[in-house]
Amino acid sequence: MSIIKTEKLEKTYSDNGVPVHALRGIDIEIKKGEYLVIAGPSGSGKTTLLNVLGALDKPSVGSVFFEDKNLADLSKSELSDFRLKNLGFIFQAYNLIPVLTALENIEFSMMLLGISEKERHRRAKDLLKELGIEELADKRPNEMSGGQQQRVAVARAIVNNPTVVLADEPTANLDSKTGGALLDLMEKMNREKNITFIFSSHDKQVIDRAKRLLILKDGKISENE
Amino acid sequence: MLAMLAWRNIWRNSRRSMIVLGSVVVGVVALIFMDSFMNGFVMQMLFNQIKLNVSHIQIHKEGFRDNKVVQNYIPDQKKVETVLDNFPEIQNYTKRVITFGLLSSARNSSGVYIYGVNPETEVKVSNIHKQIIEGDYLSGNGREILIGKKLAEKLEVGVGDKVVAMSNTPDGSIGSDVFRVTGIFQTVNSEFDKSNIIIPIERAQSMLEVGNKVYEFAMMINDYNKADEIAARIQNKLERNYEVQSYTKILPLLVLQMDMYKEFAYVLNFIIGLALIFGIINAMLMAVFERIREFGVLMSIGMKNYKLFLMIIFEAMFLGVIGTLVGFIIGLAIVYPLSHTGIDMSIFADSLESFGIGSIIYPRLIIGNLLNTLLTIPFITLIGAVYPAFKATRLQPVYAIRYV
């Protein structure tokens with residue numbers, strides 16, 4: 003059963019009045035539990051596709067269906083709810099909230115869901131333990147290394163049990179060893195929790211581990227294997 | 061957690077937050093100081109007049125205030141006394157003879173208002189006895205006279221010197237009497253000092269040949285705010301040929317000035333509020349612009365716009381509340397002692413005395429106004445944060461997360 007489906011997806015930006023066709027007719031289906039990497043050269047439309055799939059951006063033409071629900075039918079507020087309940091995000095620059103500790107960063111998205119303080123505290127602690135980063139609980143982002151921050155970002159992304167986690171160049175700022183460890187972690191989450199992972203990356207390490215690879219070129223799918 | 065996040069956010073850039081806090085503190089201190097100073101100024105002017113000779117309520121024969129002739133005496137003193145004795149709100153009252161006349165010394169003469177007073181009851185209504193700078197207050201015996209310092213200077217007389225007072229009697233002839241200066245007073249109102257003399261009531265009645273007639277009942281009540289209401293009730297008990305007036309009717313210009321001050325206080329609040337609002341908008345906009353990427357992340361992970369809006373409002377609220385409380389404490393610490401010791405404005409003494417204020421201004425803290433400041437300033441900071449918060453909610457997450 004497909005969890006995400008796109009139909010004739012197109013995205014055109016205006017760059018100083020000049021139209022830029024970032025996506026040109028993308029049709030894909032992603033099944034639950036997939037471990038998919040979107041690869042391609044810079045400017046091929048990887049991040050744009052990830053943003054559209056993550057309901058952060060709207061397509062110019064075409065539709066994105068999430069469990070048969072057309073995202074175009076959702077209001078701004080419903081889209082926020084949708085992202086909160088169904089999606090997790092991992093960014094290249096980690097993007098943890100600097101004034102919150104690791105534990106609080108993880109709790110934050112649960113707080114947005116209205117989970118009680120006691121429950122979110124318990125869940126965040128359990129997750130930190132599961133990811134082997136318990137010792138980071140009380141540290142703020144500026145007290146952590148890049149790898150540690152990205153592990154906390156993974157924890158933040160999966161703490162609400164999302165159906166899909168979208169990771170935009172998650173290893174780009176990490177050395178290969180740290181990146182590898184992070185990928186191990188995400189593979190484990192994919193395997194054990196059946197969370198769908200969609201990566202946008204041109205990191206060979208990420209591409210090599212892909213169970214499904216989607217290569218974009220000039221806004222079109224050139225390979226889907 | 062949103063509040064906690066907001067709290068921590070304001071200390072991310074502590075220097076900027078301290079500048080915002082500083083502006084709120086300065087605004088609150090300025091507001092408290094200016095408000096209490098202006099209140100003290102106006103109220104001092106009013107209370108000085110009340111305690112000098114106006115009192116809270118006066119009763120005259122109808123028309124006396126427009127035409128202070130000796131024929132306009134109180135028609136039935138006993139009746140007035142009976143009415144006043146039945147008002148528990150009246151603390152004290154005194155009877156006065158008031159007329160216009162001429163006071164002459166061996167060297168000079170001057171037109172004056174002649175006040176004939178009962179020395180014993182007068183001190184319960186007026187504080188003129190506290191303003192004697194030379195000599196003594198009236199004992200009630202003999203040909204005593206109190207004159208103002210300015211008048212004494214004009215007439216070139218001192219304590220113990222003789223002066224002659226003259227005025228019209230009811231039959232049109234001139235009544236006169238010789239007095240010996242018992243005391244010289246200096247009030248905060250130099251105009252009063254130039255043109256008023258005070259003599260025992262019996263001596264005034266005898267000089268004017270009006271028997272035991274009096275021209276004014278002046279009284280103090282237990283709550284000056286109720287002067288209008290009590291004056292109206294007294295008026296109801298007396299016939300229409302009596303005129304019962306509270307200080308608000310006797311000093312309309314002063315009351316107008318007080319009303320004007322209230323308007324001015326709003327303008328002052330508005331100006332300080334406006335300055336604060338722009339400061340807050342500026343600071344909060346900076347705080348928003350330097351966190352665009354972070355807001356993009358928050359929106360991406362599912363934070364709704366209203367929560368983002370609230371978070372920024374919380375930040376402004378914390379700054380507003382802390383700044384107001386600190387400003388309030390500092391403001392009180394400055395103004396409260398000054399409300400007892402007063403602010404020496406001697407360099408403006410001449411002009412202040414012509415206003416009837418005195419050279420020491422005692423700032424007056426009014427609880428209602430303080431509460432108003434306590435509520436208004438944090439509210440103003442909230443208003444100042446609305447636009448930046450609104451701007452934040454208009455961000456598109458997809459652009460915000462890429463913002464550098």
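Just so you know, the protein sequences line up as chains A and B, in that order. Going by the working numbering, the letters in the first sequence line up with residues 3 to 227, in that order. Going by the working numbering, the letters in the second sequence line up with residues 61 to 464, in that order. Idealized CB from N, CA, C, for every residue including glycine.
Contact note: P457 (chain B) reaches chain A through L58, using a C-beta cutoff of 7 Å and chain order. Pairing I352 (chain B) with F93 (chain A) gives a Cβ-Cβ distance that is not under 8 Å. C-alpha of Q295 (chain B) to C-alpha of V114 (chain B): approximately 18 Å in a straight line. Per DSSP, M405 (chain B) lies in no alpha helix (DSSP H) and is assigned neither H nor E.
V395 (chain B) counts as buried, since at least 16 other C-beta atoms from the protein chains shown sit within 10 angstroms of its C-beta.
Nearest neighbour of K33 (chain A) by Cα position, chosen from A:A57, A:R214, A:E225, A:K222, turns out to be A:R214.
The Cβ of D205 (chain A) sits no closer than 8 Å to any Cβ of chain B. Along the stretch 355-377 of chain B, the positions whose C-beta sits under 9 Å from a C-beta of chain A are G356, V357, L358, M359, S360, I361, G362, M363, K364, N365, Y366, K367, read in chain order. Under the 8 Å criterion on CB atoms, I461 (chain B) is classed as interfacial with respect to chain A. Rounded to whole angstroms, the gap between the alpha carbons of K128 (chain B) and P230 (chain B) is 12 Å.
Here A393 (chain B) is exposed. Its C-beta has fewer than 16 other C-beta atoms within 10 Å.
Per the coordinates, the alpha-carbon of L81 (chain A) lies some 25 Å from the alpha-carbon of E121 (chain A). Residues of the stretch 183-212 of chain A whose Cβ lies closer than 7 Å to any Cβ of chain B: none. For I310 (chain B), there is no enclosing beta strand (DSSP E); the enclosing alpha helix (DSSP H) covers residues 307-310.
In the structure shown, D17 (chain A) falls within a strand segment according to DSSP collapsed to helix, strand and coil.
Not a single CB atom of chain A sits nearer than 8 Å to the CB of R454 (chain B). Against chain A, the CB of R75 (chain B) has no partner CB under 8 Å away; the residue lies outside that interface.
Distance from the CA atom of N163 (chain A) to the CA atom of N88 (chain A), rounded to whole angstroms, is 8 Å. With respect to chain A, the C-beta atom of L345 (chain B) has no partner C-beta closer than 8 Å. Residue-level contact by beta carbon fails for R424 (chain B) and chain A, as no gap is shorter than 8 Å.
Exposure of F408 (chain B) is indicated by the presence of fewer than 16 other C-beta atoms within 10 angstroms of its C-beta.
Contacts with chain B at 8 Å (Cβ-Cβ) include R85 (chain A). Not one beta carbon of chain A lies nearer than 8 Å to the beta carbon of M78 (chain B). Shortest Cα-Cα distance from L168 (chain A) to any of A:D177, A:I217, A:T50, A:G134 involves A:T50.
The Cβ-Cβ distance between Q265 (chain B) and G176 (chain B) falls below 8 Å. Taking the C-beta atoms as reference points, E303 (chain B) is found nearer than 8 Å to R125 (chain B). In the DSSP assignment, Q265 (chain B) falls outside any beta strand (DSSP E) and lies within the alpha helix (DSSP H) extending over 261-268.
E262 (chain B) and N272 (chain B) have their C-alpha atoms some 7 Å from each other. Going by DSSP, S74 (chain B) is part of the alpha helix (DSSP H) stretching over 74-109. If only uninterrupted alpha helix (DSSP H) runs of at least 4 residues are considered, those enclosed by the stretch 290-359 of chain B are 307-310, 312-349. When the beta-carbon positions are compared, K13 (chain A) and V66 (chain A) stay at least 8 Å from each other. With a contact defined as Cβ atoms closer than 8 Å, V357 (chain B) and I372 (chain B) miss out at about 15 Å. For V101 (chain A), the chain B residues whose Cβ falls inside 7 Å of its Cβ are L65, R68, N69, R72, in order along the chain. The beta carbon of D205 (chain A) sits closer than 6 Å to the beta carbons of T173 from its chain, once the five residues preceding and following it are set aside; these are given in chain order. The closest CA to that of Q456 (chain B), considering only B:E354, B:I417, B:G391, B:T433, is found on B:E354. An exposed status is given to P43 (chain A), since fewer than 16 other beta-carbon atoms sit within 10 Å of its beta-carbon.
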